[in-house]
Each structure stands twice: as C-alpha cells, then as structure tokens.
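J.:
In the working numbering, the protein residues as written are 802 to 1207.
1. Within the chosen definition, does the region 924–936 reach the region 826–841 through at least 3 CB pairs nearer than 8 Å?
2. CB-CB under 6 Å to residue 820, same chain, minus the five flanking residues each way: which ones, in chain order?
3. By Cβ distance below 8 Å, which residues in the same chain neighbour residue 1182 in space, the five residues on each side in sequence not counted?
4. Which complete alpha helix (DSSP H) runs does the region 903–964 hold, if anything under 4 residues is left out?
5. Would you kindly check if the distance between the Cβ of residue 1069 and the Cβ of residue 1132 is under 8 Å?
6. Suppose contacts are defined by Cβ-Cβ distances below 8 Å. Is residue 999 in contact with residue 876 by that definition?
7. Give the C-beta separation of residue 884 and residue 856 to the nearest angstrom, bearing in mind that I take them to be a contact with Cβ-Cβ under 8 Å.
8. Identify whether residue 1001 lies in helix, strand or coil by the three-state DSSP scheme.
9. Assuming residue 972 and residue 858 form a contact by the criterion Cβ under 8 Å, report the distance between their Cβ atoms to the nearest whole angstrom.
10. Give the straight-line distance between the Cα atoms of residue 1014 and residue 1022, rounded to the nearest whole angstrom.
11. Helix, strand or coil for residue 842, going by three-state DSSP, please let me know.
12. Please report the distance separating the alpha-carbon of residue 817 from that of residue 990.
13. 8 Å is my cut-off, CB to CB: does residue 1087 come that close to chain B?
14. Per the contact definition of three or more C-beta pairs closer than 8 Å, is the region 920–928 in contact with the region 1149–1165?
15. Residues in the same chain with beta-carbon distance under 8 Å from residue 1086, minus the five sequence neighbours each way, listed in chain order, please.
16. May I ask you to report which of helix, strand or coil DSSP gives residue 837?
17. Rounded to the nearest angstrom, what separates residue 871 and residue 977 at their Cα positions?
18. Within a Cβ cutoff of 6 Å, which residues of the same chain sit near residue 970, ignoring the five residues on either side of it in sequence?
19. Provide the residue span of the alpha helix (DSSP H) that contains residue 1162, from first to last.
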C-alpha cells in the first residue's frame, strides 16, 4: 500500500491520524488540573490519584501490545473502530466513578481502549510511507500530536471554570470526543493493510512476532532508549500538578499554561528532526537529543535539591521536552524503517515500553509531597539510562552497512 501520498491527500491523512494519535495524550493530560479536586472529592491521597494515571498508562501499554498484532492479522480499520467505541464507554464510566477504586479501574479500561488510536495511527503511517517521506510525515504527525499536551491541560482547566462544572465533566467531554472520532474514522479512513500483507492470526504467531522484535538488537536498542527517556517523562506529567500547585502555589489555570507550553517544546523538537532529517542522519540527531535530555534533567535535579524558584524548574523541563520531541520522531524512523509487515507489532513495542516504565515511575513522585526532588531524580535517572542504552545497543550507520554486506 506504500505510495507516499502528497498534497491534499497527505494533509487529510495527517489530520485524521493526528486525531487518533492525540487520544493518548488527551487521556493522560486533560484531567491533570483536576488532581487536587479528585483527591478532595473522593477523599484520596495524592499517590492514589496518581495511581489512576498509572493504571491508564498500563492500559495504554497492554492495549498496544494486544491491538498491534491483531491489526497485523485483521487489518487496521476494524480493530480501530471497535476500540474507539469502547473508549467512549470507558470514559463515561470514569465520569460516573463513585470512589477512587472504581476510577483507578476505569482509567485502565480507558487507557486500554485509547491505545488503538496511538498504535494504529503509527502503523498506518508505516503502511503508506517509506524512506525519507516516512521521516517527514511522522515529523508532521508529531507536530500535530504535540498540540494535545499543550491544549489538553488548558482545556481541562477551562472546563473546570465553567458554571456547575467538576472533574467528571472532563471525562464526559472525552466520551463525546471518542464518539466524534469513531464517526470520522468510519467515513474517512480506508483499510491500509492489504490481505496479502497480513500475518496469520494466532496467539502463537503474535508471540513469535514480538519475540523476533526483541531479538533484533538495533530495534530493541532504539525501543529501550525511547522507553526510558520518554517513560521517565511521566514523572513530570504525574509530579507537576502537585509540584506547581501545592509547592509553588499556582492556580489550576496557571498550571495548565505552564504545562501546555511544553507542547511547543515537543513541536520544536519534532520540527528540528523534520527539517534536518535529510541533511543529518537521524541517529546523530537522536544522540544529540539524548545528551540534551541528560543535561537538562541534571540541572533540574540540582534546582529541586536547592529549592530554586519556579523558573528554575520550568526552564529545564522545557528544554527536556524539546529533546523529547526529537527523541520521539527520530527513534520512530530508525526503529520502524525495516519492519514492513510487522509494523503494527513494532509500533506496539515502541509505544508499550515508555508507558510501562511511566506507570512504574508515576506513583514514585508522590512519595514525598513536600518536595520536587523525587521528580527531578527520576527524570535524570531515566534519561541517563536511556543514554547508556543508546550507546551500548544501537549501531552506527556504517556498522549496519557492513553487517548487511556480510
């Protein structure tokens, strides 16, 4: 199905896949301004509220590893439509949750069903693009997707300002959005994986496909790099609602703005890769991005230890998130270029690992609610591990050429 579409067809596909890709970020970020309100209304601790983020991340991770292989066997369209309908229902369940236990469980279901939009939008990209056009289009898609972390918390904060509004209103909004995306996909998205390119469907074949990916040293090197670097960023997602609002005393609306501007950082990083990808090798750009992430988070950790002013926290995080945009775009291109018919499974692994790591680190931020040090320590540690894995597992372009020649 690869035909590298251009013009209006390219823009229409970018918009449609962008709608699918933002489900994950919206699901994660939109309710962040309501964390203190949820804690108060449901009489739950900060760690328990953060656990609702953890279960959502686990759902997103598990869902991708289930939906990805299914789509390699059944095509992209049918699993996507079914998952989106279930997302709308699970969002409604979140809104109706009477206590934190039900909310935590419902958030898992919401994450599981939203995962289809994330993993299948990437698989469709690999279905229809290749080579340099794959890098350029995915960079464009990342720019679109990066608007979600920027808009989501501000939208959530705006919803909370409406008369008679509360945290439940955010989940009602997500449910309606899910229904809207279902209708759009049903009318506008054709099947992109022809039957002749599909992998036979069985649990065994899915396990073998995933296993073959984990045996691919270069692929798993890039997957683990993004797993730790991006996974660590969920400590920032989970920690800043309390750090900014409880420690530094900002309002939910100011928090939404401070959080949202990091969407510009991700856009900037993706734009850099899109512009330089054909001039500088993506691996070189990825190496630069990971080094920037480690540097920025080391400054952040120092500032949390010395209890620096709010600006000393916000600025390193902005730089860190710029590197994140570079990491997300370049890693996808490097890891997916040679995956072909197993693109759904490969996309699932790339999406699963950051979420699994993120689900682990998110509750750790709430261990001590009086300081931002846990958040800074986690961001630095995960970035540093990602840097080490990048240098030890991935190969230079000349090494790959020599290996293929043999």
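For glycine and all other residues, C-beta sits at the position ideal for the given N, C-alpha and C.
Predicted model only: the values in this text are computed from it and were never measured.
T.: According to the data block:
1. Contact fails: fewer than three Cβ-Cβ distances are below 8 Å.
2. Taking C-beta separations shorter than 6 Å and ignoring five residues to either side along the sequence, the partners of residue 820 in its chain run 982, following chain order.
3. Spatial neighbours of residue 1182 in its own chain (CB-CB distance under 8 Å, excluding positions within 5 residues in sequence) are listed in chain order as 1033.
4. The DSSP assignment places 932–962 as complete runs of the alpha helix (DSSP H) inside the region 903–964, in order along the chain (cut-off: 4 residues).
5. Against a cut-off of 8 Å, the Cβ pair of residue 1069 and residue 1132 comes out as no contact.
6. Inclusion of residue 999 and residue 876 in the CB contact set at 8 Å is warranted, their separation being smaller than that value.
7. Their Cβ separation, rounded to whole angstroms, is 17 Å, which puts residue 884 and residue 856 out of contact at 8 Å.
8. It is coil, neither helix nor strand.
9. Between residue 858 and residue 972 the Cβ distance is about 17 Å, and since that is not below 8 Å, they are no contact.
10. So the alpha carbons of these two residues sit roughly 11 Å apart.
11. Residue state, collapsed to three classes: helix.
12. Cα to Cα, the separation comes out at about 8 Å.
13. Note that chain B does not occur in the displayed structure, where there is just one protein chain.
14. Touching, yes, given that three or more Cβ pairs across the two stretches are closer than 8 Å.
15. Within the same chain, 1073, 1074, 1077, 1078, 1127, 1131 come within 8 Å of residue 1086 by CB-CB distance, once the 5 residues on both sides are set aside.
16. DSSP places residue 837 within a helical segment (H, G or I) once states are collapsed to three.
17. When rounded, the distance between both Cα atoms is 26 Å.
18. Only 960 meet the Cβ criterion.
19. 1144–1162 is the extent of the alpha helix (DSSP H) around residue 1162.
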